[in-house]
Structures are given as C-alpha cells and as structure tokens.
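Trainee: When we follow our numbering, the leftmost residue of the sequence shown carries the number -18, and every step to the right adds one. Don't be surprised by glycine CBs; every beta carbon is placed ideally from N, CA and C. Model, not experiment: these values are computed from the prediction. Once you've had a glance at the structure underneath, I'll fire off some questions.
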Amino acid sequence: MDIERTLAALTLPEKAALVSGKNNWYTAAVKRLEIPALMMTDGPSGLRKQKPGSEADFTDSIQAIAFPTAALSASSWNESLLQKMGEHLGEEARAEQVSLLLGPGINLKRSPLGGRNFEYFSEDPLVAGKLGSAYVKGVQSQHVGVAVKHFAANNRENQRFTASSDMSERTLRELYLRTFEIVVKAALPATVMTSYNKINGVLNSQNQRLLRSILRDEWGFHGAVMSDWGAVADHPQALRAGLDLEMPGKGQASVDEIIRAIDTGELDEGTLNKSVRHLLHIIDNWAPAEKPSTYDHEAHHNFARTVADDSIVLLKNHANELPLTPGHEGKLVVIGELAEKPRYQGSGSSHVNPTNLVTPLAALQNSDLKADYYPGYRLDQSETDDTLAQTALTAAKNADHVIVFAGYPESAESEGFDKNSLMLPENQGDLVGQLAKLNPHTTVILQNGSAVEMPWIHSTAAVVETYLAGESVGESTWDIITGAVNPSGHLTETFPRRLTDTPMAPTFGQDPHHEYYTEGIFMGYRYYDTHEMHVLFPFGHGLSYTNFEYSKLVIDQNEHGATVTFGITNTGDRIGQAVPQLYVANHSTHKPMPTKELRAFTKLSIDPHETKLVTFKLNRRDFSWWCEPKQRWEADTGDYEIMIGESSRDIRLQTKLTMDFKNSPAPITTETYFAQVVQEPRLRDLFQRIVLDSEQDRTNNFLTIKDDAGNLVLMQNQMFLNMPLRAAVALGVPANLISSFIAAANDH
Ligand code: BGC
C-alpha cells in the first residue's frame, strides 16, 4: 500500500471509521480503496476465535490448542521454548485468517491476589520482558501481529476500569514500564494494548506522556496503539494523547464523535492522520494471506505437552519421594476430583475450547502405573463431603504412595476480579492436611493460577506445581511424576508463607479508586530478600531429579559493563536442565536499593557428569536505577556484588567488583550543597575564582576563614557544609556571583 497516497485519498468519515473498531473483532474496511478489515482474537495461550453469531458467549469459540497459561510457560525460563510456542500460536492464528493475536499479557504479578496473575509471566520485569519478547518474535515470524497488553501497571482486577495505580516515577520505570520497554525494543510488536486503569490519576488510554513521550519518543515504538475493550472514556482526547484505535468501536456514534471534534477544533486533523497512518501500516503489514493455511493439531497438542513438561515446578521432594517409576509404585492411591476434572486454563478472555483435553485420570489409565482413584472432595463446593473424604482417607492409610490433586476451582480465580485469600478451598485444604499426616508418602499436585498458602507443607513428601498446564495437563503431570521428564521449571514469583507477609497486604484492593504502590520498588523477592523474611518458596526456586554444581566464577569488566563466566556440572546420573540466575547487588549508592536484582538468566541442558560454561554479558543499564531528578538511568561508580544462583535464596557463587562508570555529573543548582563545592576540586577552584577572588572585601562574608598560613580559604565547618548555595546570600555573598558560579560550573 502506498500509505501517504491512501491517506490523502481517505475522506474524513472514512478516517474516523478507521480509528474505531468495526465491532469486537474487526477493524473497519474501506472497500472503495481496497483497505481490508483486520481480524483480531484473544488470546495469549490459545486462540479464542468466537464462532459467528456467538458474541455474547465468550466460551463459544472454535476449537484450538489450549497451551499452558503464562504462569506455567514462564516457569520454563526458556526463551527459545517461548519463541516456539509463539510460532505455534502464530501458525494457528494464520490458519484462521487472524491478523492480530491479543497477547501476550506481560503485566507484573504484584500481589498474589491479582485475579489475572495466571495470564502473566512474573513478578520480575526481566523475566516477563525476555519471555514476552520471545513469544512476540515467535508469533510475528508467522506473519501474525500481536497486541502486547495491558499497558501499563494493570495489576489488580477489582475496579480495573477506573482505579488509579499510584506510584513513584522510579517504581514505574524500574518495574511496571520496564517489561514493556524490553518487549517494545527487542521484539517490535505490531501493536500495544493500553489497559483500563489510570496511572497517578490519568487514564492510560488517554495518557499522552505514556503513549507519546515514553512509548514512541523514548522507546521508538512504530506500531499502533489500541485500547483494551471499553477502556476509552473520551475518544478525541485519547487520539490527542496518542491512541490509534478504540476497541471495540461504537459504530456510527464513534464516527460522528470524531467528525464533531474536528469541526469544533477539539481534535486536529493532523493528529487524526497520525493515527490513521499507524493503522494503515498495521493493515498493510498484517493483512492475512489470500490462501488459508492449516496446521497439524496432533503435533501442536504434543508441543503443548513439551511446554508443560519444560515448565512444571518440583517444589519439594523429600527423600526422593519422586519419581515414581512404573513397576515400583507399590500400592498407589490417587485422590482429588481435579484429576478427573482438571483446572488447566484461565477464565475470561483467555478461555480456549481445547482440541484434545487429556485429564490426569485419563493419562493415568493410559500409563504403566497401577493406581486406585478416589475423588476425595467435590469441586463445586468448599464444604467437606464426609463420605468422599473418609473413603479417600481409608484408602490412603495403607497405600505405599498417595498422590493428591488440589487447586483453585475456576470460580475462585478469573479475569475480572481479584482473590481475597491464598488458601485452597476448605474441603481440599483439610483433606490434603489429613492425608499428609496420615501417610508420609503423600505428594501434592497443584493446579492453580498463582501462589497458594500451604499450611500442610511440612507433612508432605513432595509438592509439584503444575499451575494451569493446558490441554495436555494429564500427560505432562505424569511425565514429571514418573520421571519420564526430569523437572526443570522454576518459580517466576515468590510463594509467601501467608498473605499477610506480602508488602501490600493491608492496602491491596481496599480503596475503590486508588491502588497505592507504597512498597515502591520493593516488590516480590526485592521485598522479601531485602527484609530477610522467610518465604514458602523463593523466586527462582525449582528442583530437579539431578544436581548441579557451580564453579569458577570469572569476571571481565570495563567502563561499559562486565562479562561473567562460570561452569555448571551435572553431578547426577540423569540428563537435566539448569536455570542459572544472575543477580546484581548495588553497594555503591545512597538510594534505597533491593539487596539483589535479577539481571540475567538462561536455561541449558547438561548431560550426566558434563560441565558447561555459561557466559552472561551485563551492560551499564544492568547496573542502573532510575534517577527522578535527572529523569534518566543512572549507574553509580563503586562497589557491586554479582551473585549466581538457582533461586534468589540459593546463591552458589558470588563475588564483589568495583565498577567505574563515566557519569555526566548532576547539574549544579541553587540547591547544591557547599559540601559538594568543597569536596570537588574543580568546583572549589571555580568558586574561589568567581566568588571569593572577585569580592572587593573578602572578609566581608562568612564564607572564608584564614588558614594556618594566613590565607583566606573556604570555611569548612559542618554547619556551613550543610547549606545550599542559595543560602550564600544570607552569608553575605551577592546573588549574582552565585549565579555566575552556577553557570560556569555547568559549562563543561
Ligand atoms: C481484556 C483483554 C482482551 C479483551 C478482548 C478485555 O476485557 O482485558 O485482555 O484482549 O477483553 O477480549
């Protein structure tokens, strides 16, 4: 398409129509100019292409592969796997003529109560940013664009349309925008979807600073910005702020509204043209191929299984309770209705109609394991069903091994509302506790979208976190239990011991209009580790059926960053995958700083007794923090510590280093303290020359004293040092001399 010619040929009503969705799933077409409509569908872990005429029922979509939700797939810490998952999703979208896939959701999991955490990658912006980027690259490699969502700081579901996420600029930059910055710069997403909420009082879909200054001017975003569904309050204002597409549109009312705004001068046609231009580019780039394609459903189902296999997290494995190899399981009892009716996907806009759901019970019956099954509880209620519970307990008493499935039912966890507890439903929690006490060989298999409290943890033999594992949930669960697959998933969020340990517990969701991010940058492990709090399972934690030993940490550094190299040896007898994590601690700043922050990670497969070398490159940004007064990233010259671990609490190697970053110094202002002037030779000399030497009577001020040799020098007592330059007037120095000094000090 010749974008500029097409733009010039469009009438005002046509342009007004283009910036509003035609309906829920299509952009407007302009037949006259052969501009096609683009189709978009949810969602992040499987296609939700509504069946024609089923607009009202979001569960009535075509069949598609239900891949693991992001809570699980992110636990793989595997960028190439996420890229392949993106390719699979892209292939499916292309087969259905879908141009834009409405995902991935890359918001951070700030509180474990967040109703949509299952759809998000991590509490850490690097993990979410890198895995999100891999996903986007995968989808877009299949000629399908994405909508990276929900921009930004959309971390609670209650009152999500109106609540304001209130936080400091540093918190916003270092955590909640950081993920988007990584994805926008690394993966060039076709579109970004703004979220419903406000940030510090301004609606995101109408926030010029967010949409223009930061997203486009600072990060160089070239795609189109669309709104979340119904997120726009004032469309002309949103267009002025930098939104390109309101979704879904309001039909003729949207067109009339834009024309009226142009007529009254509320909206400038040049501004409208900018948005139309962005949309024409998107339509030109991502319009579907003429010929529909197909994909191999079975291969895609098997790939969903691979993703889950690579991601399921072995949280606890006392005395090698697992794996349970077929033939050695003895009398095995499987308990829990979730084995029969698993929770394997999220609820809300990411809901998928799976092609081939394999339940844990069905997969068990197909396996070489022999086991008896008892439902133990009813999923549709939280009260204990005594008959079901007693039957299960009786069977478990004399079993060699007990495997109990537990988790949050769909009614407890969904898009659109937040949770208010981290406890399992009472009937499940009680049963798990009793089973674990009754039989020391009890393994708990969890199906849930986010962290759970585990008051029974100490009595269990093993705990496996399968999150929401997609349609191959059954196959993957037994792959891990039997050891057909060596577990290699690691948590991308902290599991706190209890809800009240979370830093935002007293305020989360309390104010209907505001969410106060009072913990600032101290969120997730940044909080628990800095305060040395006990946690149930730390960020980054995950066990394997083999062991890894870390060795020989070598650092090569210069003024731009550092290269960190070390070895990992698989000391066991099975092939396994390690997830080395690099954390940086900044010891050189006076700013509040978490004790450690993740700055690099990877995943690698290592054969038994093999050693592999890992190299991480750190650049200046990896040592930086957001400086609010200077409105830029700042890297301090000084001492740091590099830590390599298998979780934020399991540090295997660490070393100190001193970095020398050439910072351009902070500007000198009337607020600069005399302490700085006295300490820095350049400033001291300038002050001497410009202020002291030019004074007629140098003893007429209180700045100077005689030194031992009788020379007049700057006074150096504590009270004076603790005064800013503007106070010099009170000390008898003419204000114009101070201004001249400031100008000279900044001119270098
Ligand atoms: C959700 C989005 C989703 C959209 C379309 C909204 O309610 O927040 O994530 O893509 O609906 O279904």
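Given this structure, state the Cα-to-Cα distance separating residue 248 from residue 24, to the nearest angstrom.
Mentor: The alpha-carbon atoms of residue 248 and residue 24 are separated by roughly 33 Å.
Trainee: Can you give, in chain order, each stretch of the beta strand (DSSP E) that sits fully within the stretch 489 to 540 and has at least 3 residues?
Mentor: You should have 495 to 497, 529 to 539.
Trainee: Tell me whether residue 696 sits in a helix, a strand or coil according to DSSP, three-state version.
Mentor: In this structure, residue 696 counts as coil in the three-state DSSP scheme.
Trainee: If you count every other CB in all the chains shown that lies within 10 Å of the CB of residue 61, and 16 or more means buried, which is it?
Mentor: That one is exposed.
Trainee: Whole-angstrom Cβ separation of residue 706 and residue 719, contact assumed at under 8 Å?
Mentor: About 5 Å separates the two Cβ atoms, so the contact holds.
Trainee: Are there three or more Cβ pairs, one per stretch, closer than 8 Å when the stretch 111 to 121 is compared with the stretch 200 to 211?
Mentor: Taking 8 Å as the limit for Cβ pairs, the verdict is that the stretch 200 to 211 does not touch the stretch 111 to 121.
Trainee: Cβ of residue 231 within 7 Å of any heavy atom in the ligand BGC?
Mentor: Result no, Cβ not under 7 Å from the ligand BGC.
Trainee: Could you spell out the range, first to last residue, of the alpha helix (DSSP H) harbouring residue 161?
Mentor: Per DSSP, residue 161 belongs to the alpha helix (DSSP H) from 159 to 168.
Trainee: Considering only the beta carbon of each residue, do residue 45 and residue 28 sit closer than 8 Å?
Mentor: Yes; because the gap between Cβ atoms is below 8 Å, this pair is in contact.
Trainee: In the DSSP assignment, find the beta strand (DSSP E) that holds residue 567 and state where it starts and stops.
Mentor: Counting along the chain, the beta strand (DSSP E) containing residue 567 begins and ends at 562 to 567.
Trainee: Might you give, ordered along the chain, the residues of its own chain that have their beta carbon closer than 8 Å to the beta carbon of residue 266, omitting 5 neighbours on each side?
Mentor: Hits under 8 Å: 126, 171.
Trainee: Given a cut-off of 8 Å, decide if residue 526 and residue 566 are closer than it, judged by their beta-carbon atoms.
Mentor: Against a cut-off of 8 Å, the Cβ pair of residue 526 and residue 566 comes out as no contact.
Trainee: Are at least three pairs of beta-carbons, each pair with one atom in the stretch 491 to 505 and one in the stretch 149 to 165, less than 8 Å apart?
Mentor: Verdict: yes, contact present.
Trainee: Using C-beta distances below 6 Å, list every residue in its chain close to residue 30, excluding the 5 sequence neighbours before and after it, in chain order.
Mentor: Within the same chain, residue 30 has close Cβ partners 22, 42, 43, 77.
Trainee: Decide if residue 33 is buried, meaning its Cβ has at least 16 other Cβ atoms within 10 Å, or exposed.
Mentor: Classification of residue 33: exposed, given that the 10 Å Cβ count is below 16.
Trainee: According to DSSP, residue 578 sits in a beta bridge with which residue or residues?
Mentor: DSSP, once it has assigned bridges, lists 565 as partnering residue 578.
Trainee: DSSP state of residue 116, grouped into three classes?
Mentor: Of the three classes helix, strand and coil, the one that applies to residue 116 here is helix, per DSSP.
Trainee: How far does the alpha helix (DSSP H) with residue 734 in it reach, from first residue to last?
Mentor: Any property of residue 734 remains undetermined from this structure, which presents the chain solely from -18 to 729.
Trainee: Leaving out five residues before and five after residue 373 in sequence, what residues of the same chain have Cβ atoms less than 6 Å from its Cβ?
Mentor: So the list reads 316, 355, 357, once near-sequence residues are dropped.
Trainee: Tell me which residues share the same chain as residue 509 and place their Cβ nearer than 6 Å to its Cβ, disregarding the 5 neighbours each side in the sequence.
Mentor: For residue 509, where only same-chain residues beyond five positions count, the Cβ hits under 6 Å are 475, 516.
Trainee: DSSP state of residue 335, grouped into three classes?
Mentor: Strand.
Trainee: So what's residue 316 in DSSP terms, helix, strand or just coil?
Mentor: Residue 316 falls in the strand class under three-state DSSP.
Trainee: What's the C-alpha gap between residue 106 and residue 701?
Mentor: Rounded to the nearest angstrom, the two C-alpha atoms are 43 Å apart.
Trainee: Hey, is the stretch -7 to 3 in contact with the stretch 219 to 231, meaning 3+ C-beta pairs nearer than 8 Å?
Mentor: Segments in contact, yes.
Trainee: Have a look at 434, 8, 442 and flag the residue whose alpha-carbon is nearest the alpha-carbon of residue 409.
Mentor: Ranking the options by Cα distance to residue 409, first place goes to 434.
Trainee: Can the beta-carbon of residue 115 be found less than 8 Å from the beta-carbon of residue 67?
Mentor: Yes; because the gap between Cβ atoms is below 8 Å, this pair is in contact.
Trainee: Run the proximity test for residue 210: is its beta-carbon closer than 7 Å to any non-hydrogen atom belonging to the ligand BGC?
Mentor: Flag set: Cβ of residue 210 near the ligand BGC.
Trainee: Kindly indicate which three-state DSSP category residue 382 falls into: helix, strand or coil?
Mentor: It is a strand residue.
Trainee: Pull up the CB-CB distance for residue 137 and residue 490, whole angstroms please, since I reckon it's below 8 Å.
Mentor: Between residue 490 and residue 137 the Cβ distance is about 6 Å, and since that is below 8 Å, they are a contact.
Trainee: Closest to residue 364 by CA distance: which of 691, 405, 301, 514 is it?
Mentor: Of 691, 405, 301, 514, the residue nearest in Cα terms is 405.
Trainee: Can you round the beta-carbon distance between residue 731 and residue 96 to whole angstroms, since I take them to be within the 8 Å contact cut?
Mentor: Within the shown structure, residues of the chain are numbered from -18 to 729, placing residue 731 beyond reach of any answer.
Trainee: Roughly how many angstroms separate the alpha carbons of residue 457 and residue 99, rounded to a whole number?
Mentor: Rounded to the nearest angstrom, the two C-alpha atoms are 18 Å apart.
Trainee: The ligand BGC and residue 83: does any heavy atom of the ligand fall closer than 7 Å to the residue's C-beta?
Mentor: Correct: residue 83 has its Cβ closer than 7 Å to the ligand BGC.
Trainee: Within the continuous beta strand (DSSP E) that includes residue 130, where are the two ends?
Mentor: Per DSSP, residue 130 belongs to the beta strand (DSSP E) from 126 to 132.
Trainee: Near residue 422, what residues of its chain come up, given a Cβ to Cβ distance below 7 Å and the 5 sequence neighbours on each side ignored?
Mentor: Excluding sequence neighbours, residue 422 sits near 302, 381, 382, 383, 442.
Trainee: Pull up the CB-CB distance for residue 546 and residue 535, whole angstroms please, since I reckon it's below 8 Å.
Mentor: Confirmed, about 5 Å.
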